[in-house]
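Chains as they are written, first to last, in our numbering: chain H, 1 to 343; chain F, 344 to 686; chain V, 687 to 1029; chain S, 1030 to 1372. Below is one structure; the comments refer to it alone.
Number of protein chains: 4
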Amino acid sequence: MSTNVKVGIIGATGYVGAELVRALSRHRGFQITSLVSQSYAGKAFADIYPALKGITDMICSPLDIDAVSSSCDVVVTALPHGVSSEVVPVLLGKGVRVLDHSGDFRYKDRSIYETAYKLKHPAPHLLAEAVYGLPEFYREQIKEARLVANPGCYPTCSLLALTPLFRRNLIDPDSLIISAASGISGAGRKSDIAYQYCEAAESFRAYSVTGHRHTSEIEEILTLQTGVKTAITFTPHLAPMKRGMLATIYADVSSGCDLKTLRNAYAEDYDNEFFVRLLPEGMSPDTANVAFSNFADIAVFFEERTGRATLLSSIDNLGKGASLQAVQALNIMFGFNETEGLI
Amino acid sequence: MSTNVKVGIIGATGYVGAELVRALSRHRGFQITSLVSQSYAGKAFADIYPALKGITDMICSPLDIDAVSSSCDVVVTALPHGVSSEVVPVLLGKGVRVLDHSGDFRYKDRSIYETAYKLKHPAPHLLAEAVYGLPEFYREQIKEARLVANPGCYPTCSLLALTPLFRRNLIDPDSLIISAASGISGAGRKSDIAYQYCEAAESFRAYSVTGHRHTSEIEEILTLQTGVKTAITFTPHLAPMKRGMLATIYADVSSGCDLKTLRNAYAEDYDNEFFVRLLPEGMSPDTANVAFSNFADIAVFFEERTGRATLLSSIDNLGKGASLQAVQALNIMFGFNETEGLI
Amino acid sequence: MSTNVKVGIIGATGYVGAELVRALSRHRGFQITSLVSQSYAGKAFADIYPALKGITDMICSPLDIDAVSSSCDVVVTALPHGVSSEVVPVLLGKGVRVLDHSGDFRYKDRSIYETAYKLKHPAPHLLAEAVYGLPEFYREQIKEARLVANPGCYPTCSLLALTPLFRRNLIDPDSLIISAASGISGAGRKSDIAYQYCEAAESFRAYSVTGHRHTSEIEEILTLQTGVKTAITFTPHLAPMKRGMLATIYADVSSGCDLKTLRNAYAEDYDNEFFVRLLPEGMSPDTANVAFSNFADIAVFFEERTGRATLLSSIDNLGKGASLQAVQALNIMFGFNETEGLI
Amino acid sequence: MSTNVKVGIIGATGYVGAELVRALSRHRGFQITSLVSQSYAGKAFADIYPALKGITDMICSPLDIDAVSSSCDVVVTALPHGVSSEVVPVLLGKGVRVLDHSGDFRYKDRSIYETAYKLKHPAPHLLAEAVYGLPEFYREQIKEARLVANPGCYPTCSLLALTPLFRRNLIDPDSLIISAASGISGAGRKSDIAYQYCEAAESFRAYSVTGHRHTSEIEEILTLQTGVKTAITFTPHLAPMKRGMLATIYADVSSGCDLKTLRNAYAEDYDNEFFVRLLPEGMSPDTANVAFSNFADIAVFFEERTGRATLLSSIDNLGKGASLQAVQALNIMFGFNETEGLI
């Protein structure tokens, strides 16, 4: 850990960026050398997030790709989709490695992306190379990746629960239903009546009921595991809390399969994974237990009379669902202990 | 409305009782004549609920069935299951009508009840007579009922969304999945670490994942409509808010059926129902919009690629899910306008 | 109550307006005939506040003073200060009575207003006539008033606790300190990062630490009672809740005065006031107990070793602090029972 | 940092203990060797706090002072007052150093303690030796202390704001008023109706209005600085949030003193203190900015027309107000960098 890897963050002033700054500030291997924000250029980062006064005295700078790339070994982009795919190729061209938070490089199949995001992909040649940054499934590829696409929050939460069963054909690919709830930080740091305290407190509601983009991300990653197609029903909800995510997932279980088989699948995949905790039989995850952490808590229930399994998976949408999973991937990319900065 | 119907409440000091007192206090047809509480006997009701100071000056009395029944035309029981079924037959024997909040009289099939509640029913002879107090489906029977069983909160919320489709065979009875979230008042007024502010705020979690009693209540009522059996997967969750409930329900739609067909079913059943609001196409219910009311907000979405409908139904668990639905039933029982005391 | 008083609301779509619509909809004496909103003209009120679907089917109209005044007996204005004072004189000129929610007509001394609000008053000739709409102190004047200025939320909360002691010279006018906390609805319905759920939940903070406008309003009203000047220290805070307000007030007590004297002052002023509840000795108010009501809960503590009294006063900032106090005043203006629509 | 200081925690399963475990687990100098809990003896700590699964696999043990003292260099006691003072002398007798969280060793004057806590002190001979664990004022004494009394949360929050002004005679000792609000974790981890989610959410209330024990603690520590007596009015409140504390403090300022003088006092005392942040002029602290940290944010306002200063001080009640301040003191006691484990 004598090295000091220099990292820049573009789009630093959203909640994802702030959480990255917090985590990287206590990391012994990374040094933040650049915080880029168009809207807050020239302003001290700690003036935007006063919680970080004393932790960082960096000043936000406007986007200058030459400056960023010459001062960084790796750049984390936390930009809107469509914008990322304009900036990332230029950064790669300068020789820096990139970890991107948008949806732009999460897909192998460009047409699925273009349908989901309703725009033409400006850099489709990078899709084959980009690595989906879910360490539990793509650790080896992340190590050497030039470009890591940090997974979406709902996909991270859902895939950690679904993949062990899906890849072993323990569940019917046509039966998958995900009912998930997220804390309000998932909507980002922006002023919008819908996310005002008085509108969002004491309120529980679904949104994007049948068309959320993360549906196709989950489907594609599952299919990449086994070649089997799946069409998922996915309903995101907003829960009145700042952080946290729970996915409650329903799946018809393959015949002959019981709770033990299901739990074994998780044990095999996760017994050596520090950040995935398979809960004891009968215990359910609680978002409060993963808040501010990179942990994912998983439980599985099986009901014989319906033949259906209920999978429960909980993460912090800004932790394992965004910034802290990014730090985990950065640790892998640069050879640090995977838990460095994360516990 | 010149009449003054005398009503007593047994088990008055829980959240259900307090909400009843609040609603009946502004009702022009009912007069509360008795508030029974074993634990708070002798104490002013407004000392337990200081919000009601100035609204009621009644003193809680211990349970004395003769006293209650001689001073009341109708008694509302808000007692634990197993206790209700001991008290209710005695009250009926005294000639008063009863509206009961427990699960004890909601079932026609005693064995389903006994399996779900894990006890022998002490008054099974009343099950045939008891009327399930969901006015939208049992209004005529409620009018003359001696004994009304107020529905459970999850069943009310789920059945309002499921019944119109189920009774028209528009959904596959083997495909029904309910993922529902309730505000914490659903757990009642009791001290328990799990419901402490610091444990429940910023927390979203499932509970009773495969064995919640309300599952069998929903199944039985659906089956009573059409004779068709159904086995439902039901997952209740606790959301960090005081009041409110949202059921997100998944169902495979019968072939040939589209969104229009589904919406028509609701329109037919609810166009004349004041308290059920079918939302405009594309709009989702929000628990905040039904808080402190007897309304139920319902939406339906259909996704062709999966052949599945997503039904959303929202109520206030203490409103349409308990006390205010009770007032609606009482209005029907005593010939008042159905909205009296409720808007 | 055979009369049907016609009321219009200008600036109807803020939280104050919505609360007025809710309360007036269940009032048996008033009929809302006009809901004016520049930003939402043409839109159904229940589309902005879906909670009110079924309760009101009114459509928002643009501001047309002739139309409003010809269709109303009284107009409630819920407009920003500076705007109210432009609109109100025109309305009065058309012969309608007005209840105004802004700060524009709460002062007798124009210069205090102009200093506090940093603008020149456009209708100073109305200040002498306008009645401060705190029924507990100005009931007789409200009855006949053409123009009622609904008090601010902090002034209502503070004055109800301070006035009985101040007017009896029981407290030192130079010693008054008010530390108050409000729910976030006090900031109004607007998108602003500061009031986003993720910024406001789990946050308690002071604002406008030494210069809040309500300071001068409280001072002026106190002085109008006795002629004695006072300079108050006032610190408002934002508490992470939707509604509710608590003022914790400190005052040096006049020599010889004890707790009994202090409590007697409240008893004398409020024993016949339905909406002011002097709590039993030793009990403290809780904002939860006045939420959604027009009640004010008041307590007084006295500590001999410091010679200081601590006054606690709690209201719902949208209830007694705004819309419901307005309804109380409207009841007085039009001869209805003072509690009509309010319990 | 090659040393591995062994630390035990007695009374480990409350919120203070859990926060200590979390902080010490990522500390590079301390190793937890003993977690004592009478109620949970034999149970894995991570079963009580599932958030810590993977972080600690320790099992709670019953109280065995010989075992604890032989396995530890220092013991942290998080016990009720009255119990601490029984256990601490025994621990000291065994040769371990002790950091105590109760009020038992915070006072020099036994009679003040006995009046405030209404019990006879069982170990008054230790009061002279015990060091008040506020590093910003007692750093040198903490270094060598055998017994450190961790300050109360309200005293920490208040004293950090008051002391710099008080010790320079810039404020009138007879004028001090503290209106403070705490998050609900301040009430500890226990089941009690008053702290249930449904009772505490959307609720803001004062408690212990004139007799909170922390009053005397603040007074004594101030007086120890200068010899000047003071009688403070202190009102604690409960705010609907999990963590965080804000003290809003009023003081009459000495004649001739202005805002610059006041700010200078803070600058002199705190410019080299990492954990105390004097905010820029005009900015107010927000509990959200210190949550989960050991920071204290301080602001001062001065109003010429009243001659009064308003001091604002914010901490996390479980951070600088309890467990993290304890870690800071432990760092000092054992020669670690003061920020180790805390950023």
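In this text, a Cβ means the ideal position worked out from N, Cα and C, and glycines have one as well.
Practice task
May I ask you to list the residues that DSSP assigns as paired with ASP1281(S)?
Solution key: ARG1337(S)
Practice task
Can you say whether THR996(V) is buried or exposed, counting buried as having 16 or more other CB atoms within 10 angstroms of its CB?
Solution key: buried
Exercise for the section: Flag this pair as yes or no: are the beta carbons of ALA608(F) and PRO507(F) separated by less than 8 Å? Expected result: yes
Exercise for the section: Tell me whether the beta-carbon of VAL290(H) lies closer than 8 Å to the beta-carbon of ARG263(H). Expected result: no
Exercise for the section: Please say whether GLU340(H) and GLY29(H) have beta carbons closer to each other than 8 Å? Expected result: yes
Problem - Identity of the residues DSSP links to LEU147(H) by a beta bridge - result: VAL98(H)
Exercise for the section: Return the CA-CA distance between SER25(H) and ILE658(F), expressed in angstroms with no decimal places. Expected result: 45 Å
Handout entry: Separation of PHE791(V) from ALA1015(V), as counted between CA atoms
Key = 15 Å
Practice task
Give the straight-line distance between the Cα atoms of LYS1137(S) and ILE1261(S), rounded to the nearest whole angstrom.
Solution key: 18 Å
Exercise for the section: Specify the secondary structure class of VAL209(H) as computed by DSSP and reduced to three states. Expected result: coil
Exercise for the section: Tell whether a beta-carbon distance below 8 Å holds between ILE142(H) and ILE298(H). Expected result: no
Practice task
Could you give the DSSP three-state label for SER345(F): helix, strand or coil?
Solution key: At SER345(F), the pLDDT of 48 sits below 50, so the modelled position is not reliable; the number obtained from the coordinates is stated separately. Of the three classes helix, strand and coil, the one that applies to SER345(F) here is coil, per DSSP.
Exercise for the section: Kindly give me the distance between the Cβ atoms of TYR475(F) and ILE564(F), rounded to whole angstroms, as I take these residues to be in contact under 8 Å. Expected result: 6 Å
Exercise for the section: Compute the minimum distance between the beta carbon of VAL426(F) and the heavy atoms of the ligand SAM, and state whether it is under 7 Å. Expected result: This structure simply doesn't include the ligand SAM, nor any ligand for that matter.
Exercise for the section: Mind listing, in chain order, the continuous beta strand (DSSP E) runs of no fewer than 3 residues lying wholly within the stretch 958 to 990 of chain V? Expected result: 962 to 964 and 982 to 989
Problem - Entirely enclosed alpha helix (DSSP H) segments - the stretch 353 to 384 of chain F, minimum 4 residues - result: 358 to 368
Handout entry: Opening and closing residue of the beta strand (DSSP E) in which LEU503(F) lies
Key = Counting along the chain, LEU503(F) falls outside any beta strand (DSSP E), though it belongs to the alpha helix (DSSP H) covering 496 to 509.
Problem - ALA361(F), buried or exposed, once every other Cβ within 10 Å from all chains shown has been counted against 16 - result: buried
Practice task
Could you confirm whether any beta carbon from chain F is found closer than 8 Å to the beta carbon of ASP286(H)?
Solution key: yes
Practice task
Would you please verify whether the beta carbon of ARG1234(S) is less than 8 Å from any beta carbon of chain F?
Solution key: no
Exercise for the section: Under 8 Å between beta-carbons, which chain S residues line up against THR919(V)? List them in chain order, please. Expected result: TYR1279, GLU1332, THR1335, ARG1337 and THR1339
Exercise for the section: Check whether the Cβ atoms of ALA1190(S) and ILE1088(S) lie closer than 8 Å to each other. Expected result: no
Problem - Whole-angstrom C-beta distance between THR1106(S) and ASP1086(S), which should lie under 8 Å - result: Not really, about 23 Å apart at Cβ, beyond 8 Å.
Practice task
Count the C-beta pairs between the stretch 1233 to 1241 of chain S and the stretch 1150 to 1157 of chain S that are closer than 8 Å, then say yes if the count reaches three, no if not.
Solution key: no
Practice task
In the DSSP assignment, find the alpha helix (DSSP H) that holds ILE1141(S) and state where it starts and stops.
Solution key: 1139 to 1146
Handout entry: beta strand (DSSP E) segment containing ALA523(F), residue limits
Key = 520 to 525
Practice task
Please name the residue in ALA1070(S), ARG1197(S) and PRO1079(S) whose C-alpha comes closest to that of SER1090(S).
Solution key: ALA1070(S)
Practice task
Pull up the DSSP beta-bridge partners for TYR818(V), would you.
Solution key: ALA835(V)
Practice task
Measure from the alpha carbon of ALA1280(S) to the alpha carbon of each residue in ILE863(V), LYS780(V), SER844(V) and SER770(V), then state which is nearest.
Solution key: ILE863(V)
Problem - Between the CA atoms of TYR392(F) and GLU903(V) - distance to the nearest angstrom - result: 33 Å
Handout entry: Status (buried if at least 16 other CB within 10 Å, exposed otherwise) for LYS1271(S)
Key = buried
Exercise for the section: Have a look at GLY529(F) and ASN660(F) and give me their C-alpha separation to the nearest angstrom. Expected result: 7 Å
Exercise for the section: Return the Cβ separation of ALA201(H) and PRO240(H) in integer angstroms, given the expectation that the two are a contact with Cβ distance under 8 Å. Expected result: 5 Å
Problem - Residues, ordered as in the chain, of the stretch 184 to 202 of chain H that lie near chain S by beta-carbon distance below 9 Å - result: ALA201 and GLU202
Exercise for the section: Please list, in chain order, all residues of the same chain as SER345(F) whose beta carbon is under 7 Å from its beta carbon, the five residues on each side excluded. Expected result: Only weak support is given to the placement of SER345(F): the predicted model assigns it a pLDDT of 48, under 50, and the value that follows is read from those uncertain coordinates. Answer for SER345(F): no residue qualifies.
Exercise for the section: With 7 Å as the limit, tell me which residues of the stretch 502 to 527 of chain F have their beta carbon closer than that to any beta carbon of chain H; keep them in chain order. Expected result: ILE520, SER522 and ALA524
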